Amino acid sequence: MDKQERIFRSNATDEGFDIFHGREYISFRTDSHLAPNSTVVEQHLKGKEAVILAYNEANNEVALIPLSADYDRGDVYSLKRSDGSTVIAATGFFKEHDLSVDQTIRYSPEWNGDIGGDNVPGGLVIDLDEDGEIYAAAHHQHLLTRPSTATHLTRLPHKHDRSPDWLCP
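At position 101 of the sequence shown (counting the first as 1) the number is 88 in our numbering, and the numbers step up by one without a gap.
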């Protein structure tokens, strides 16, 4: 967002106008990165430096808890900003919880004010059992398709459950 757009938005909201924000999405990419769209960044990650990533195995949910500062902890992941986009390099998180995607899939997160404890006001929760939308690129144009069957993040067999039988069809 450039300076002129920020001034317009500020003036419009000061005059009582509600600025429309698009739908919130967080993409799970094949390179084990999470990519929140601009609406998520504007609404929940503006001024934040990092997130705590947590996985609830019982509910098959991922939580992103925004943090004002980056911490040297295993569950804290820095927000990387470049050219107007924000990504979270979550390779360790994907590996730890045996999560993978073979195509970029985007999910609609829900804000939950009850997670995060006393130090943060809540976080974004992504239900991995919900139908995700495949985000594909074709001929340098980005196309969004809604598959006829449910598209979910794949959970690999737990590393302790793997055996040579698992590798064979």
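Glycine included, every Cβ here is placed at the ideal spot set by N, Cα and C.
Treat the numbers as computed from the prediction; the structure is a model and nothing was measured.
Could you pull the DSSP bridge partners for residue i from this structure?
i, result
"residue 76", "20"
"residue 15", "21 and 92"
"residue 97", "112"
"residue 40", "51"
"residue 120", "93"
State yes or no: is the C-beta of residue i within less than 7 Å of the C-beta of residue j?
i, j, result
"residue 28", "residue 73", "yes"
"residue 75", "residue 32", "no"
"residue 41", "residue 112", "no"
"residue 53", "residue 35", "yes"
Using the Cα positions of residue i and residue j, report the straight-line distance between them to the nearest angstrom.
i, j, result
"residue 59", "residue 10", "32 Å"
"residue 68", "residue 57", "14 Å"
"residue 152", "residue 38", "Confidence at residue 152 is low in this model, with a pLDDT of 39, below 50, so the placement of that residue is unreliable and no value is reported for it."
"residue 88", "residue 106", "32 Å"
"residue 12", "residue 78", "19 Å"
"residue 80", "residue 30", "24 Å"
"residue 103", "residue 63", "13 Å"
"residue 116", "residue 94", "10 Å"
"residue 118", "residue 55", "31 Å"
"residue 71", "residue 15", "18 Å"
"residue 82", "residue 114", "18 Å"
"residue 44", "residue 101", "18 Å"
"residue 25", "residue 84", "27 Å"
"residue 86", "residue 46", "14 Å"
"residue 121", "residue 96", "15 Å"
For residue i, count neighbouring C-beta atoms within 10 Å of its own C-beta (all shown protein chains included) and say buried if the count is 16 or more, exposed if not.
i, result
"residue 48", "buried"
"residue 110", "buried"
"residue 18", "exposed"
"residue 108", "exposed"
### Task
Mind listing, in chain order, the continuous alpha helix (DSSP H) runs of no fewer than 4 residues lying wholly within the segment 43 to 69?
none
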